[in-house]
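The structure appears below as structure tokens.
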Amino acid sequence: MTERFKRSYMMLHRTLMVQAALFFISGVVPIIIMAIYSVLRVRQALVIFAVASSVFAWVSAINPCVSIYMILPFRRFLKSKFTSNVAASSKSPALNPVSTQVPSGQDKLWLLINKYRFLRIFTRQT
Numbered sequence: 000m001t002e003r004f005k006r007s008y009m010m011l012h013r014t015l016m017v018q019a020a021l022f023f024i025s026g027v028v029p030i031i032i033m034a035i036y037s038v039l040r041v042r043q044a045l046v047i048f049a050v051a052s053s054v055f056a057w058v059s060a061i062n063p064c065v066s067i068y069m070i071l072p073f074r075r076f077l078k079s080k081f082t083s084n085v086a087a088s089s090k091s092p093a094l095n096p097v098s099t100q101v102p103s104g105q106d107k108l109w110l111l112i113n114k115y116r117f118l119r120i121f122t123r124q125t
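Positions 0 to 125 (numbering that gives the first Met the number 0) are the ones given, in order, by the sequence shown.
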């Protein structure tokens, strides 16, 4: 095995282990606690059931975040996209109304949003 393959395998292995642990912590542990509270007839069992159900529902949202954070190529991709967007937005030139440049997709979206805001404010005043 090459060194690169070993590193990739270890990243994947760690990610899958963390995801399995998250499922166990957020899925099995609350169910066990609910079962114990039901047997002991605790009055707040319904509240605990609601909290445990909501924790269990978040597993599907947390698992992709774990994958993105723990697998290096995903993390690098996200960092590059985030830093390039921040750098581009901080260095963007002012819009010139007489300019002959064709606006990009993002600029078109902002123009559409601003047009909608203007129309909404204008129609509200009349």
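Where a beta carbon is used, it is the ideal one built from N, C-alpha and C, also for glycine.
Apart from the five residues just before and just after residue i, which ones in its own chain have a Cβ nearer than 6 Å to its Cβ?
| i | result |
| --- | --- |
| L62 | Inspection of the sequence shows that residue 62 is occupied by Asn rather than by Leu. These residues qualify, in order along the chain: Q18. |
| F4 | none |
Enumerate in chain order the residues of its own chain whose CB-to-CB distance from residue i is below 8 Å, with the five nearest sequence positions on each side excluded.
| i | result |
| --- | --- |
| V58 | L21, F22, S25, G26 |
| A44 | M33, Y36, S37 |
| F81 | none |
Report the CB separation of residue i from residue j in whole angstroms; it is logged as a contact under 8 Å.
| i | j | result |
| --- | --- | --- |
| M9 | I70 | Not confirmed; about 11 Å, so no contact. |
| R75 | Y68 | No, R75 and Y68 are not in contact; Cβ-Cβ is about 11 Å, not under 8 Å. |
| T14 | S66 | 6 Å |
Near residue i, which residues of its chain fall below 7 Å by C-beta distance, leaving aside the five closest residues on each side in sequence?
| i | result |
| --- | --- |
| L29 | Position check: residue 29 holds Pro in this sequence, whereas Leu was assumed. A51, V54, F55, listed in sequence order. |
| I47 | I32, M33, Y36 |
| T125 | In this prediction, T125 scores a pLDDT of 47, lower than 50, which makes its location untrustworthy; the coordinate-derived value is nonetheless stated afterwards. So no residue of the chain qualifies. |
| L77 | I67 |
Exercise. What are the complete beta strand (DSSP E) segments, minimum 3 residues, inside the stretch 0-62?
Worked result: If we require 3 residues or more, the stretch 0-62 turns out to have no beta strand (DSSP E) run fully inside it.
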